[in-house]
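Q: Here the first sequence is numbered in the numbering used here, starting from 208 and rising by one per residue.
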Amino acid sequence: MRYSLVFGKTRREAPKDEVAVNAQLLIRGGFIDKLMAGSWTLLPLGLLVINKINNIIREELNKTGANEMLMPLLHPRDVWDKSGRWSNKDVQQIMYQFKDIHEKEFGLSFTHEEIVMYILSKFIQSYKDLPVKVYHFSTKFRNEPRAKSGILRGREFMMNDLYSAHVSKKNMMQYYEEVKKTYMKLFKRIGLDVVVTEASGGVFTKEYSHEFQVFSEVGEDEIIYCPGGDFAQNTEISSVAEGKQCDLGHGPLKKARSIEVGNIFPLGTKYSKDMKVFYKDEKGQEQPIWLASYGIGPTRVMGTLVEMYHDDRGIVWPKSVAPFHCHLVAITRDTTHVTRMANDVYEKLQSAGIDVLFDDRTDVSAGEKFADADLVGIPVRLVVSEKTGDKIEWKGRKDKDTEFLTPDDVLKRLT
RNA sequence: CGGAGUGUAGCGUAGCUCGGUAGCGCGCAGCGUUCGGGACGCUGAGGUCGACGGUUCGAAUCCGUCCACUCCGACCA
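Dropping the structure here:
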């Protein structure tokens with residue numbers, strides 16, 4: 208894509224109110240824009256990153272046999288009355304509930320268990336219809352008491368939620384463990400090292416849940432964990448003390464701040480029983496459905512990545528989620544051979560299927576283009592200028608030094 | 001919801017104590033010169049000073065109420 212055609216602008220300075228590094232850099236780079244506290248526009252560059260994250264999630268979930276679909280965000284009260292959660296005090300704290308002009312009551316989705324159960328009630332009659340594994344990517348609304356930390360805690364944000372329905376606890380737990388592994392894998396692909404942490408079930412279940420935590424000082428959570436990796440608990444539920452020896456001899460337990468990027472819940476039969484949605488087993492007996500739910504916040508993941516990967520000049524995206532693979536910069540303002548060369552390189556990369564952002568702006572100085580390239584944080588910077596002759600300058604975003612390659616070598620390295 | 005802070009052009013800010021034509025930098029538009037780390041000159045556009053009310057001949061400035069944003073806390077898939 209030509210940078211001259213990208214909507215959005217880089218800025219030298221962030222708004223002074225924004226203290227969170229993720230907000231500062233994402234705003235300065237032209238990835239996001241704030242409408243109000245906790246409510247953000249994903250500008251074209253930001254959406255590209257989210258789409259990369261989402262595609263990784265999608266690929267990995269599909270491997271488990273899950274199906275993508277899309278559920279509504281505007282929910283009628285009666286579905287939520289079936290589970291009893293409409294009137295739950297804790298739920299009412301975070302769910303936007305309102306009446307329309309005809310006094311009909313609606314809620315904005317902060318999760319989809321009720322909607323999934325409603326759908327299951329129509330499509331699941333027999334044990335032969337199970338298991339079901341469905342997910343979607345959509346907006347979640349949560350009336351947070353306090354939106355904060357840039358895009359890490361919003362009132363309206365992107366979420367991927369997966370729901371699985373099974374005939375038995377055993378089946379549910381089997382898939383639950385599979386998703387746990389899948390989450391580990393997908394977070395790794397995204398570029399995040401996560402720690403699976405035992406935690407409470409919140410307003411979703413009285414049972415435990417597992418959170419996927421990324422170590423970070425800016426995180427809101429605190430976890431106690433074994434450095435050997437075989438134990439981690441959120442301190443909100445943990446009763447063990449820091450300094451206690453790990454069972455497997457990995458030394459003393461440690462405490463650390465962390466960001467929760469995912470959370471999975473073995474919900475069990477509660478929703479099935481509350482909402483009276485059953486299937487018939489081999490003997491024709493009605494049985495409750497075992498439900499589990501799984502969620503990842505892609506916008507929070509994006510913010511977490513910026514918190515983890517940046518330097519004093521800007522963002523340093525991991526390759527897998529960078530908005531583009533390489534950033535081609537043309538240093539020239541006329542229509543000489545340099546411009547022709549840059550255009551040729553751009554066309555070549557494009558036709559080779561490489562994601563390239565081409566800074567073709569003619570009214571911007573070299574220094575500004577370099578500063579912008581650092582800010583935007585694409586992994587590889589390519590420069591074509593008078594200095595480069597018939598070669599192309601290659602520089603990794605993290606590298607200090609540059610090297611000169613032929614167009615063919617550049618192509619080879621990028622494919 | 002409690003505590004603290006901040007609101008002046010798209011962004012950063014001066015002016016407020018002590019009331020008297022709202023200024024600067026970046027960015028933006030035009031022209032020219034530049035072109036490897038956020039270039040330079042000239043010209044120009046852009047503001048109901050967060051909102052409402054009060055005091056006053058006169059309010060960005062003083063007083064009151066409200067709103068918004070940020071941070072700390074409470075809260076929290």
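Ideal placement from N, C-alpha and C gives every residue a C-beta, glycine not left out.
1. Just tell me which of 531, 555, 447, 327 has its CA closest to the CA of residue 257.
2. Where residue 233 and residue 506 are concerned, what is the direct C-alpha to C-alpha distance, given to the nearest angstrom?
3. Would you grab the beta carbon distance between residue 513 and residue 522 for me? Rounded to a whole angstrom, and I think it's under 8 Å.
4. What first and last residue would you give for the alpha helix (DSSP H) that runs through residue 290?
5. Please say whether residue 244 and residue 354 have beta carbons closer to each other than 8 Å?
6. What did DSSP end up calling residue 516 once you bin it into helix, strand or coil?
7. Which two residues bound the contiguous alpha helix (DSSP H) that contains residue 388?
8. What residue range does the beta strand (DSSP E) around residue 495 cover?
9. How far does the beta strand (DSSP E) with residue 347 in it extend, from its first residue to its last?
10. May I have the straight-line CA-CA distance separating residue 427 from residue 229, to the nearest angstrom?
11. Between the C-alpha atoms of residue 404 and residue 464, what's the straight-line distance to the nearest angstrom?
12. Does residue 365 come out as helix, strand or coil in the three-state DSSP assignment?
13. In whole angstroms, what separates the C-alpha of residue 416 from that of residue 359?
14. What residue from 520, 413, 467, 450 has the CA that sits closest to residue 474's CA?
15. What span of residues does the alpha helix (DSSP H) with residue 419 cover, start to end?
16. Mind the definition here: the segment 275-287 touches the segment 303-322 only if three or more C-beta pairs lie below 8 Å; say whether that holds.
17. Put residue 331 into one of helix, strand or coil per three-state DSSP.
18. What does DSSP give as the partner residue(s) for residue 522 in the beta ladder?
19. Give me the Cα-Cα distance between residue 468 and residue 335, rounded to the nearest whole angstrom.
20. By Cβ distance, which residues of its chain are closer than 8 Å to residue 559, with the 5 residues on each side in sequence left out?
21. Counting pairs of beta carbons, one from the segment 319-332 and one from the segment 477-495, are three or more of them closer than 8 Å?
22. Any heavy atom of the ligand MN closer than 7 Å to the CB of residue 331?
23. Hey, is the segment 360-374 in contact with the segment 240-255, meaning 3+ C-beta pairs nearer than 8 Å?
24. Would you give the residue range spanned by the beta strand (DSSP E) that residue 577 belongs to?
25. Return yes when the Cβ of residue 387 is within less than 8 Å of the Cβ of residue 471, no when it is not.
26. Can you check whether the CB of residue 566 is closer than 8 Å to the CB of residue 544?
27. Any idea which residues DSSP pairs residue 402 with across the strands?
28. Tell me the DSSP bridge mates of residue 209?
29. Does the segment 283-297 touch the segment 444-462, meaning 3 or more C-beta pairs lie closer than 8 Å?
30. Within a Cβ cutoff of 6 Å, which residues of the same chain sit near residue 539, ignoring the five residues on either side of it in sequence?
31. Just tell me which of 482, 509, 563, 223 has its CA closest to the CA of residue 498.
32. Between 458, 284, 441, 378, which has its C-alpha nearest residue 305's C-alpha?
33. In the DSSP assignment, find the unbroken alpha helix (DSSP H) run with residue 304 in it and report its ends.
34. Report the option in 603, 576, 591 whose CA atom is closest to the CA atom of residue 585.
35. Ends of the alpha helix (DSSP H) at residue 468?
36. For the beta strand (DSSP E) that residue 246 lies in, which residues bound it at each end?
A: According to the data block:
1. 531
2. 11 Å
3. 6 Å
4. 284-290
5. yes
6. coil
7. 376-397
8. 493-495
9. 339-348
10. 14 Å
11. 12 Å
12. strand
13. 20 Å
14. 413
15. Unbroken run through residue 419 is the beta strand (DSSP E), 415-422; no alpha helix (DSSP H).
16. yes
17. coil
18. 517
19. 34 Å
20. 618, 621, 622
21. yes
22. This structure lacks the ligand MN, and indeed carries no ligand of any kind.
23. yes
24. It is not in any beta strand (DSSP E) - residue 577 instead sits in the alpha helix (DSSP H) that spans 573-583.
25. yes
26. no
27. 420
28. 565
29. no
30. 545, 546
31. 482
32. 284
33. Counting along the chain, residue 304 falls outside any alpha helix (DSSP H), though it belongs to the beta strand (DSSP E) covering 304-306.
34. 603
35. No alpha helix (DSSP H) holds residue 468; the beta strand (DSSP E) holding it covers 461-475.
36. 246-249
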